[in-house]
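Participant:
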Amino acid sequence: MTNLFVAPTTHKPVYCSVNFLVSQACTIMAQSPSVEEYGMTNDMLAAHVRDHFAQFTLLESGLRHPNSFMQDCAYHQLTPETRKQLIHLYYSLDESFLREFVGKRLSNKSRRELSDIAERCELQLRSCKRQFDNLSCVARRTEDLPGPLTDNIKNCFLLPEWLAECYAAVIFITSNRFETSKKCLSYLTFENLAYCAGQLMTHWSTSGKDPKGEPVVSIDLDLQFFHDLKECKPLIEKKEYLDKHKLLVIRSLSEIQAKIVLANLESNFKPISKAVINLACGLSHAREMRNFFLDIIEKLIEPMRALNWPSKEVKMFFDAYHNTVKALPPGRSSTFLTIWTRFIIPFSNCVIHLYHN
6 MTNLFVAPTT HKPVYCSVNF LVSQACTIMA QSPSVEEYGM TNDMLAAHVR DHFAQFTLLE
66 SGLRHPNSFM QDCAYHQLTP ETRKQLIHLY YSLDESFLRE FVGKRLSNKS RRELSDIAER
126 CELQLRSCKR QFDNLSCVAR RTEDLPGPLT DNIKNCFLLP EWLAECYAAV IFITSNRFET
186 SKKCLSYLTF ENLAYCAGQL MTHWSTSGKD PKGEPVVSID LDLQFFHDLK ECKPLIEKKE
246 YLDKHKLLVI RSLSEIQAKI VLANLESNFK PISKAVINLA CGLSHAREMR NFFLDIIEKL
306 IEPMRALNWP SKEVKMFFDA YHNTVKALPP GRSSTFLTIW TRFIIPFSNC VIHLYHN
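Mapping of the sequence shown onto this note's numbering: residues 6 to 362, in sequence order.
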């Protein structure tokens, strides 16, 4: 992600973010047709860039408060569109930094480790510090606000949806201390983790209503829901439920011709179902919750890959596994079905997404 903003016409100021050294910004700017057009020498270009670095520094205090920055008459010489572009630039995030950092705490100790992260990601240290400080700022200003975290970030910092989702994912994963750094997780991209974070925030976080009756969504995980998931235990503890569930899933997959999964499902349904339900029942324990991604990889994705299940048929399997529970005795309870649906939809979405990648 190149964090350099250049105004669309040459008479407007050119703002280079503090992610670059002056020399680096000069190298990038030298590629602009306007440099040759106006006959700018290297010294002239360097002076031009240094001048706008200084201007950017003056703007930085305003950028820390985007709503004020958009409205303050002190910045009236900048068009609203330019101000919006500057906000997006200032709060931009680099995916390699996010993947390296996600899961770490937003603490002074983590900030002291940024030089190592910058080296591994081949980024400027100043870029990593800006991103870290912005993550800390966004987390701090939104932590007590009611409503969905992504919406709060969009409103407070005037960011586009996709960028607000990135901030929300980092804050959610960091706050709940998910393990993301183990070697077997290294193939996962930040986008993979952010997708799963969005699923869990939507379905597994606490919810309620404020005094005005407005919905409140927290980034805190719903511990009561995790406790309720123990109701799923009979699905693997009672042989008649386990056998009937297997029969129903096989029948469902036969109808849609999931041939590769069907070839070895008879002998593998029990261990796979046990892995799913044991993961569900373990979520009430902090350690198991922190190891959510690790357990999905080791206990489900790797065994399914060993069976050569294609990703398309993995989705077919989970669709059948989800829907056929309704035909089992526990599925006659609307309370159980609510718990089951709340668990299996985001869970299977995460498995399918990570399996595909």
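Glycine is no exception: its CB is placed at the ideal position from the N, C-alpha and C atoms. This structure is a prediction, so every number in the text was calculated from the model and none was measured.
Between the Cα of Lys249 and the Cα atoms of Glu271, Ile261 and Leu228, which residue gives the shortest distance?
Facilitator: Within the sequence shown, residue 249 is the residue found at index 244, counting from 1. Checked all of Glu271, Ile261 and Leu228; the closest Cα to Lys249 is Glu271.
Participant: Give me the residue from Thr46, Tyr95, Ala30 and Tyr43 with the minimum Cα distance to Gly67.
Facilitator: To locate residue 67, count along the sequence shown from 1; it is residue 62. Considering only alpha carbons, the answer is Tyr95.
Participant: Buried or exposed: which applies to Val19, given that a residue is buried once 16 or more other Cβ atoms fall within 10 Å of its Cβ?
Facilitator: Start at 1 with the first residue of the sequence shown, and residue 19 comes out as number 14. With a pLDDT of only 42 at Val19, under the threshold of 50, the placement of this residue in the model should not be trusted; the figure read from the coordinates follows. Per the 10 Å Cβ criterion, buried.
Participant: If contacts are defined as beta-carbon pairs under 8 Å, then Phe102 and Leu128 qualify, I think. What distance do you get, rounded to the angstrom?
Facilitator: Working through the sequence shown from its first residue, we reach residue 102 at position 97. Working through the sequence shown from its first residue, we reach residue 128 at position 123. With a Cβ gap of about 6 Å, Phe102 and Leu128 count as contacting.
Participant: Taking the alpha-carbon positions, what's the Gly44 to Glu170 distance?
Facilitator: As a working mapping, residue 44 is identified with position 39 in the sequence shown. As a working mapping, residue 170 is identified with position 165 in the sequence shown. Each residue's Cα considered, the two are about 43 Å apart.
Participant: Per DSSP, Phe28 forms a beta bridge with which residues?
Facilitator: Residue numbering aside, residue 28 sits at position 23 when the sequence shown is read from its first letter. Reading off the sequence shown, one finds Ser at residue 28, where the question assumed Phe. Note: Ser28 sits in no beta bridge, so no partner.
Participant: By the 10 Å Cβ neighbour count, where 16 or more other Cβ atoms means buried, how is Lys251 classified, buried or exposed?
Facilitator: The residue given as residue 251 occupies position 246 in the sequence shown. Result: buried.
Participant: Between the beta-carbon of Cys161 and the beta-carbon of Arg146, is there less than 9 Å?
Facilitator: Position 156 of the sequence shown holds residue 161. Position 141 of the sequence shown holds residue 146. Going by C-beta atoms, Cys161 is nearer than 9 Å to Arg146.
Participant: Since Leu164 sits in a beta bridge, which residues does DSSP pair it with?
Facilitator: Reading the sequence shown from its first residue, position 159 is the one you call residue 164. None, per the DSSP bridge assignment.
Participant: Determine the burial state of Ala263: buried for a count of at least 16 other Cβ atoms within 10 Å of its Cβ, exposed for fewer.
Facilitator: Taking the sequence shown and counting its residues from 1, the one referred to as residue 263 is at position 258. Its Cβ being crowded by 16 or more others within 10 Å, Ala263 is buried.
Participant: Go ahead and pull the three-state DSSP assignment for Ser257.
Facilitator: As a position in the sequence shown, residue 257 is number 252, starting the count at 1. It is helical.
Participant: Among the candidates Ile158, Glu100, Pro151 and Glu148, whose CA atom is the shortest distance from the CA of Gln136?
Facilitator: Position 131 of the sequence shown, counting from 1, holds the residue named residue 136. Closest option to Gln136, Cα to Cα, is Glu100.
Participant: Since Ile158 contacts Ala174 with CB under 8 Å, what's their CB separation in whole angstroms?
Facilitator: To locate residue 158, count along the sequence shown from 1; it is residue 153. To locate residue 174, count along the sequence shown from 1; it is residue 169. Not a contact, Cβ separation roughly 11 Å.
Participant: Across the stretch 230-242 and the stretch 308-328, are there enough close Cβ pairs to call them in contact, namely three or more that are closer than 8 Å?
Facilitator: no
Participant: Run through DSSP, which three-state label would Pro225 get?
Facilitator: Translated into positions along the sequence shown, residue 225 becomes position 220. A small correction: the amino acid at residue 225 is Asp; Pro does not occupy that position in the sequence shown. Residue state, collapsed to three classes: strand.
Participant: Using the C-alpha atoms, what's the distance from Met294 back to Ile178?
Facilitator: Taking the first residue of the sequence shown as position 1, residue 178 is located at position 173. Taking the first residue of the sequence shown as position 1, residue 294 is located at position 289. C-alpha separation (whole angstroms): 11 Å.
Participant: When the Cα atoms are used, what is the spatial distance from Gly108 to Pro38?
Facilitator: Here residue 108 corresponds to residue number 103 of the sequence shown, with the count starting at 1. Here residue 38 corresponds to residue number 33 of the sequence shown, with the count starting at 1. Cα to Cα, the separation comes out at about 42 Å.
Participant: Quick one: Cα of Leu50 to Cα of Thr185, how far?
Facilitator: Along the sequence shown, read from residue 1 onward, the residue named residue 50 stands at position 45. Along the sequence shown, read from residue 1 onward, the residue named residue 185 stands at position 180. Taking the straight line from one Cα to the other gives about 43 Å.
Participant: Under 9 Å, do Pro335 and Leu240 count as touching if we go by C-beta distance?
Facilitator: Along the sequence shown, read from residue 1 onward, the residue named residue 335 stands at position 330. Along the sequence shown, read from residue 1 onward, the residue named residue 240 stands at position 235. In this structure, Leu240 lies closer than 9 Å to Pro335 by Cβ.
Participant: Can you tell me where the alpha helix (DSSP H) with Met294 in it begins and where it stops?
Facilitator: Residue mapping note: residue 294 aligns to position 289 of the sequence shown, counting from 1. Run containing Met294: Ala291 to Arg295, per the alpha helix (DSSP H) assignment.
Participant: Met34 and His53: beta carbons closer than 9 Å?
Facilitator: Taking the first residue of the sequence shown as position 1, residue 34 is located at position 29. Taking the first residue of the sequence shown as position 1, residue 53 is located at position 48. The answer is yes: Cβ separation under 9 Å.
Participant: Closer than 8 Å: is that where the CB of Pro351 sits relative to any heavy atom of the ligand MG?
Facilitator: This structure does not include the ligand MG; it has no bound ligands of any sort.
Participant: Excluding the 5 residues preceding and the 5 following Ala285 in the sequence, name in chain order all residues of the same chain whose CB lies nearer than 6 Å to its CB.
Facilitator: In the sequence shown, residue 285 corresponds to position 280, counting from 1. Taken in chain order, the residues that qualify are Leu234, Cys237 and Phe348.
Participant: Considering Cα atoms alone, identify which of Arg69, Phe352, Asp300 and Tyr360 is closest to Ser141.
Facilitator: On the sequence shown, position 136 is the one that residue 141 refers to. Per the Cα distances, Arg69.
Participant: Under the rule that 16 or more other beta-carbon atoms within 10 Å means buried, what is Asp77, buried or exposed?
Facilitator: If you number the sequence shown from 1, residue 77 lands on position 72. Sixteen is the threshold: since fewer than 16 other Cβ atoms of the shown chains lie within 10 Å of the Cβ of Asp77, the residue is exposed.
Participant: For the alpha helix (DSSP H) that Arg145 lies in, which residues bound it at each end?
Facilitator: The residue you call residue 145 lines up with position 140 of the sequence shown. Judged by DSSP secondary structure, Arg145 falls within the alpha helix (DSSP H) whose first and last residues are Leu130 to Thr147.
Participant: Need the endpoints of the alpha helix (DSSP H) that Tyr80 sits in, please.
Facilitator: Within the sequence shown, the letter at position 75 stands for residue 80. Counting along the chain, Tyr80 falls outside any alpha helix (DSSP H), and DSSP gives it neither H nor E.
Participant: Could you give the DSSP three-state label for Thr185: helix, strand or coil?
Facilitator: On the sequence shown, position 180 is the one that residue 185 refers to. Shown here, Thr185 sits in coil according to DSSP, grouped into three states, outside any helix or strand.
Participant: State the Cα-Cα distance for the pair Phe274 and Met206, rounded to the nearest angstrom.
Facilitator: Translated into the one-based positions of the sequence shown, residue 274 becomes position 269. Translated into the one-based positions of the sequence shown, residue 206 becomes position 201. Those two C-alpha atoms are separated by around 29 Å.
Participant: For Leu288, which residues of its own chain have a beta-carbon under 7 Å away from its beta-carbon, when the five flanking residues on both sides are left out?
Facilitator: Your numbering for residue 288 matches position 283 in the sequence shown. Around Leu288: Phe231, Leu234 and Met294.
Participant: If you measure between the beta carbons of Ser180 and Ile224, is that distance less than 9 Å?
Facilitator: Numbered from its first residue, the sequence shown carries residue 180 at position 175. Numbered from its first residue, the sequence shown carries residue 224 at position 219. Yes.
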